[in-house]
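Student: Numbering (the working numbering), first residue to last: 616 to 802. Virtual Cβ for every residue (Gly too), placed ideally from N, Cα, C. Please read all numbers here as calculations on a predicted model, not as lab measurements.
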Amino acid sequence: MRMPARQDGVTLVVALIMLVLLTLLALTSFNLGKSNLQIVSNMQQRDEAVAAAREVIEETISSTRFFDTPADVLATPCGAPNQRCIDTNGDGRPDVTVALTPPPACVKAQSIKNSDLDMTNTDDAGCSLGSTQNFGVSGAVTGNSECANSVWEVTAVATDVNTQASVTVTQGIAVRVAKDDIATNCP
Numbered sequence: 616m617r618m619p620a621r622q623d624g625v626t627l628v629v630a631l632i633m634l635v636l637l638t639l640l641a642l643t644s645f646n647l648g649k650s651n652l653q654i655v656s657n658m659q660q661r662d663e664a665v666a667a668a669r670e671v672i673e674e675t676i677s678s679t680r681f682f683d684t685p686a687d688v689l690a691t692p693c694g695a696p697n698q699r700c701i702d703t704n705g706d707g708r709p710d711v712t713v714a715l716t717p718p719p720a721c722v723k724a725q726s727i728k729n730s731d732l733d734m735t736n737t738d739d740a741g742c743s744l745g746s747t748q749n750f751g752v753s754g755a756v757t758g759n760s761e762c763a764n765s766v767w768e769v770t771a772v773a774t775d776v777n778t779q780a781s782v783t784v785t786q787g788i789a790v791r792v793a794k795d796d797i798a799t800n801c802p
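(1) According to DSSP, simplified to helix, strand and coil, what is Leu715?
(2) Asp662 lies in the alpha helix (DSSP H); which residues open and close that run?
(3) By Cβ distance, which residues of its chain are closer than 7 Å to Ile672, with the 5 residues on each side in sequence left out?
(4) Answer yes if the stretch 673–693 comes into contact with the stretch 788–796, meaning at least three C-beta pairs across the two stretches below 8 Å, and no otherwise.
(5) Below 8 Å on the Cβ atoms is my contact criterion, and I expect Val688 with Pro718 to pass it. Report the Cβ-Cβ distance as a whole number of Å.
(6) Taking the alpha carbon of Ala664 as the point to measure from, which residue in Val776, Cys801 and Lys794 has its own alpha carbon closest?
(7) Asp775 lies in the beta strand (DSSP E); which residues open and close that run?
(8) What are the start and end residues of the beta strand (DSSP E) that includes Arg699?
(9) With DSSP collapsed to three states, give me the class of Ser743.
(10) Apply the 10 Å Cβ neighbour rule to Asn736 and answer buried if 16 or more other Cβ atoms are within range, or exposed otherwise.
(11) Given Val722, which residues of its chain have a CB within under 7 Å of its CB, disregarding the five upstream and five downstream residues?
(12) Going by alpha carbons, who is nearest to Ile701 out of Thr716, Arg669, Leu647 and Gln725?
(13) Between which two residues does the beta strand (DSSP E) holding Arg708 run?
(14) Does DSSP put Thr737 in a helix, in a strand, or in coil?
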């Protein structure tokens, strides 16, 4: 029998190639995992910013300040008017700054007719207006009540303090207000 010829290190070369391939596979898996973690982190920060913006919008529409003084809605601002600092992780430091930019704006207002009011409803009873007839005077009696339905647009821009990433949330609000309240702030 003949002895096989020397292999001249072919096994070593194949083993090194396999080791390089396994190293590349491990690095690719690590980079994919790291990228996925960054994506999830960004999505979490975005969700926190959206939640902070919605919190400020809810605070805004829960008071009458947004149609009384749209340029100064928030009672205790953070740094500037119409701005609020939100601590999302509970560490005592602001993580997201939310600004009402632009200030809440009235999109439209429509007077409510006296004939459309339900006098058994206490909210409607406060809007009723008794008026005398002025026969022969054009436009003297319009039939409008003391209330109007108004539509407002509130836009909150939430900015992450660390990354400066921002998200904008816009919400429309329908509110029944007195005619005197919308006279200066609505078209």
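Tutor: Well, looking at it:
(1) strand
(2) Val625 to Ile676
(3) Cβ-Cβ distances below 7 Å link Ile672 to Val769, Ala771, Val784 and Gln786 in the same chain, with the five nearest sequence neighbours on each side left out; the list follows chain order.
(4) yes
(5) 7 Å
(6) Val776
(7) Asn759 to Asp775
(8) Counting along the chain, Arg699 sits inside the beta strand (DSSP E) bounded by residues Gln698 to Ile701.
(9) coil
(10) exposed
(11) Val766, Trp767 and Glu768
(12) Nearest of Thr716, Arg669, Leu647 and Gln725 to Ile701, Cα basis: Arg669.
(13) Where Arg708 is concerned, there is no enclosing beta strand (DSSP E), given that its DSSP letter is neither H nor E.
(14) Helix, per DSSP.
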